[in-house]
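Below is one structure, written out as structure tokens, with a few remarks after it.
2 protein chains.
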Amino acid sequence: MELFYAYEVSPLECRLDAEESAHCVRVLRHRTGDPIDVIDGKGTLYHCQLLDDSPKGASARVLSVEEGFGGHPYRLCIGCCPTKNNDRFEWFLEKATEIGVDVIAPLIGEHSERKVYKTERALRIALSATKQSLKARIPEIMEPVSVKDFILSGDKAGTDTRGSHGDADAAGSHSNVGTGDGHSTAAPLRLIAYCFEDPSVPRISIREALEGYSGQDVTVLIGPEGDFSPAEAKLALEHGYIPVHLGTSRLRTETAAVTAAEAVYFRYM
Amino acid sequence: MELFYAYEVSPLECRLDAEESAHCVRVLRHRTGDPIDVIDGKGTLYHCQLLDDSPKGASARVLSVEEGFGGHPYRLCIGCCPTKNNDRFEWFLEKATEIGVDVIAPLIGEHSERKVYKTERALRIALSATKQSLKARIPEIMEPVSVKDFILSGDKAGTDTRGSHGDADAAGSHSNVGTGDGHSTAAPLRLIAYCFEDPSVPRISIREALEGYSGQDVTVLIGPEGDFSPAEAKLALEHGYIPVHLGTSRLRTETAAVTAAEAVYFRYM
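As structure tokens, then:
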């Protein structure tokens, strides 16, 4: 099964951009009349028939619709400080997308060696991994924000991190919710994976934190190689984040971020 | 904390090879008398004092010993078919080592596009990831073997996959067992992640399979991009492998292998 992404979808017709059209028509040699499967990036799959096989701007007629295609029964936002080595962070983006994530927030921490992050490549990786893993919803990649601003913005929005974290598709994300235990009114669970060995900050395992939560809306913060600063950790705790550990193994930043995504994936498996 | 690997360890002295010596002396500028931490690759950490700071063959006096350093409370063997793109398989090697794995068996399946695999680079990646993640035991990388031979060899060795899978360090692996629930006499749990949609082969989730197991010795088989052949799957089932799924997401081979390692990691967390 091959998925194409349509930047413009009406109830009757999907339009592919130049890149998707070229892939559909030049590479895969689809012709007018062929059946193709198109996603809107917001959670819906459209079974279509190719109307116009132009390699610069193909369009297709919608025959039937599947909402929440390839969705997962939770909403997950991972705030993670990009790694020095960009390949490692991009690897995390790809893997988290395959496993199932809704929002990825590149965070700039006080201990971050990388203070600048461009999201352009990240968006392409997320789109590619979404299509490859047969999902209809592309994770939102937020613009980079400081750890403190991320924590504060979440708090401003009260108990719901969605709007505050700029997830324009919050409603759409719910079409992804499948077999979750349905406590969608529970407050979001906010976790911070804090490595800094501070005896005054007792931590539980991420597994324990997730098993004790009846809702479906989880945010996890993963710090940079140098960990969060004590001030960032303190702010998070003041704003309702629960400090968790990811087990006894010492994980790289990108491995910790994928491990957090896997923990949520298994919690709702 | 920086770990060095010693190819030769006596109760009193550790010897580093040329590469480790150069890293210790030339790069990190350690000098005779400095304290250094050395692993034997079999689960033991040696706190040492540098005796000879030769960049071609350094040696150190053992001051104290920590057994099972950086170990985990389970024994995991992952049999996985190497991916077409070698980087993806090497990424799995690194991540599985960080998370915690004991044996990695590169498998050649009937549907494998890659029929040859050289373990030399894999051994270097496993060593590097072991040191980076502060573990004292390097996962064993088996020589490539066909899926069928792997299944049959495991069976020949009765209920214990260790010897048959060539894990020379089976005893050593037990020094890694920490807080496990201690049913070390339970038969090994053998799982096969079989994607092929065969209604006659009901599958449970890997989480369910692990939660129903009281032992600590787990083997998971991950197929190639083209999945296991029906004949391979049939043979596995005949030899006691339980067919499992890894959830609803469609995962790449290397992501499936890491997800299996994470599932075991969380089961014993």
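The listed protein sequences correspond, in order, to chains A and B.
Every number in the working numbering is 3 more than the matching position in the first sequence, counting from 1.
Every number in the working numbering is 3 more than the matching position in the second sequence, counting from 1.
All C-beta atoms, glycine included, are put in the ideal place defined by N, C-alpha and C.
Remember, it's a predicted structure, so these values are computed and weren't measured experimentally.
Task: Proximity winner among Ala239/A, Gly73/A, Val12/A, relative to Met4/A (alpha-carbon distances) - done: Along the first sequence, one-based indexing puts residue 4/A at 1. With distances taken between Cα atoms, Met4/A lies closest to Gly73/A.
TODO: Consider the Cβ of Ile141/B: report whether some Cβ of chain A lies at a distance smaller than 8 Å.
DONE: For this step, residue 141/B is matched to residue 138 along the second sequence. False, the Cβ-Cβ gap to chain A never drops below 8 Å.
TODO: Measure the C-alpha to C-alpha separation of Leu249/B and Ser208/B and round it to an integer number of angstroms.
DONE: Taking the second sequence and counting its residues from 1, the one referred to as residue 249/B is at position 246. Taking the second sequence and counting its residues from 1, the one referred to as residue 208/B is at position 205. Leu249/B and Ser208/B: Cα-Cα distance of roughly 6 Å.
Open item on the list: If I measure Cβ to Cβ from Phe116/A and keep anything under 6 Å in the same chain, skipping five residues before and after, which residues do I get?
Closed with: Here the question's residue 116/A lines up with position 113 in the first sequence. The residue asked about is misnamed: residue 116/A is Glu in this sequence, not Phe. Result list for Glu116/A: Lys87, in chain order.
Open item on the list: Does Asp230/A pass the burial test, meaning 16 or more other C-beta atoms within 10 Å, or should it be called exposed?
Closed with: As a working mapping, residue 230/A is identified with position 227 in the first sequence. Label assigned to Asp230/A: buried.
Open item on the list: Looking at Glu235/A: is its Cβ nearer than 8 Å to the Cβ of Lys151/A?
Closed with: Reading the first sequence from its first residue, position 232 is the one you call residue 235/A. Reading the first sequence from its first residue, position 148 is the one you call residue 151/A. The answer is yes: Cβ separation under 8 Å.
TODO: Could you tell me whether any Cβ in chain B is nearer than 8 Å to the Cβ of Phe273/A?
DONE: Coverage of chain A is limited to positions 4 through 272, which leaves residue 273/A absent and any answer about it impossible.
- [ ] Quick one: residues in its chain with C-beta nearer than 7 Å to the C-beta of Lys98/A, no 5 flanking neighbours on either side, listed in chain order?
- [x] For the purposes of this step, residue 98/A is taken as residue 95 along the first sequence, with counting starting at 1. Closer than 7 Å at Cβ, skipping near neighbours: Val261.
TODO: Please list, in chain order, all residues of the same chain as Arg124/A whose beta carbon is under 6 Å from its beta carbon, the five residues on each side excluded.
DONE: On the first sequence, residue 124/A is found 121 positions in, with the first residue counted as 1. So no residue of the chain qualifies.
- [ ] Using a cut-off of 9 Å between C-beta atoms, extract the partners of Gly103/B located in chain A.
- [x] As a position in the second sequence, residue 103/B is number 100, starting the count at 1. By Cβ distance, chain A contributes Gly250, Thr251, Ser252.
Task: Meets three-Cβ-pair contact criterion under 8 Å: the segment 52-68 of chain A and the segment 24-33 of chain A - done: yes
Open item on the list: Going by DSSP, what residue range makes up the alpha helix (DSSP H) through Leu155/A?
Closed with: As a position in the first sequence, residue 155/A is number 152, starting the count at 1. Its alpha helix (DSSP H) spans residues 150-159.
Task: For His2/A, the three-state DSSP class (helix, strand or coil) - done: Outside the displayed span of chain A (4 to 272) sits residue 2/A, for which this structure offers no information.
TODO: Take Ser136/B and list the residues in its own chain whose beta-carbon comes closer than 8 Å to its own, dropping the five residues that flank it on each side.
DONE: For the purposes of this step, residue 136/B is taken as the residue at position 133 of the second sequence. Answer for Ser136/B: Gly73, Thr100, Glu101, listed in chain order.
Open item on the list: Between the alpha carbons of Leu48/B and Pro205/A, how many angstroms are there, rounded?
Closed with: Along the second sequence, one-based indexing puts residue 48/B at 45. Along the first sequence, one-based indexing puts residue 205/A at 202. Each residue's Cα considered, the two are about 27 Å apart.
Task: Where Gln52/A falls, given that 16 or more other Cβ within 10 Å makes a residue buried - done: Mapped onto the first sequence, residue 52/A falls at position 49. Per the 10 Å Cβ criterion, exposed.
- [ ] Using 10 angstroms around the beta-carbon of Tyr244/B, count the other beta-carbons present and answer buried if the total reaches 16, otherwise exposed.
- [x] Residue numbering aside, residue 244/B sits at position 241 when the second sequence is read from its first letter. Result: buried.
Task: Buried or exposed by the 16-neighbour rule on C-beta atoms within 10 Å, applied to Pro246/A - done: Working through the first sequence from its first residue, we reach residue 246/A at position 243. When all chains shown are included, Pro246/A counts as buried.
Open item on the list: I'd like to know whether the C-beta of Thr258/A is nearer than 8 Å to at least one C-beta of chain B.
Closed with: Within the first sequence, the letter at position 255 stands for residue 258/A. Output row for Thr258/A: interface = yes.
- [ ] With 9 Å as the limit, tell me which residues of the segment 213-242 of chain A have their beta carbon closer than that to any beta carbon of chain B; keep them in chain order.
- [x] none
TODO: Taking Ser273/A as part of the alpha helix (DSSP H), name the residues at either end of that continuous run.
DONE: Because chain A spans 4 through 272 in this model, residue 273/A falls outside it and cannot be assessed.
Task: Unbroken stretches of the beta strand (DSSP E), 3 residues or longer, contained in the segment 186-230 of chain A - done: 192-196, 220-225
Task: Neighbour flag for Lys98/B against chain A, beta carbons, 8 Å - done: As a position in the second sequence, residue 98/B is number 95, starting the count at 1. Closer than 8 Å: yes.
Task: Three-state secondary structure assigned by DSSP to Glu146/B - done: Locating residue 146/B in the second sequence gives position 143, counting from the first residue. Coil at Glu146/B, not helix or strand.
Open item on the list: Let me see if you follow: with CB-CB separation under 8 Å, is Glu116/B close to chain A or not?
Closed with: Taking the first residue of the second sequence as position 1, residue 116/B is located at position 113. It does not; no Cβ of chain A falls within 8 Å.
Task: Integer-rounded CB distance, given that Ile154/B should sit under 8 Å from Pro242/B - done: Along the second sequence, one-based indexing puts residue 242/B at 239. Along the second sequence, one-based indexing puts residue 154/B at 151. Note that residue 242/B corresponds to His in the displayed sequence, not to Pro. Contact flag correct, Cβ pair sits at about 5 Å.
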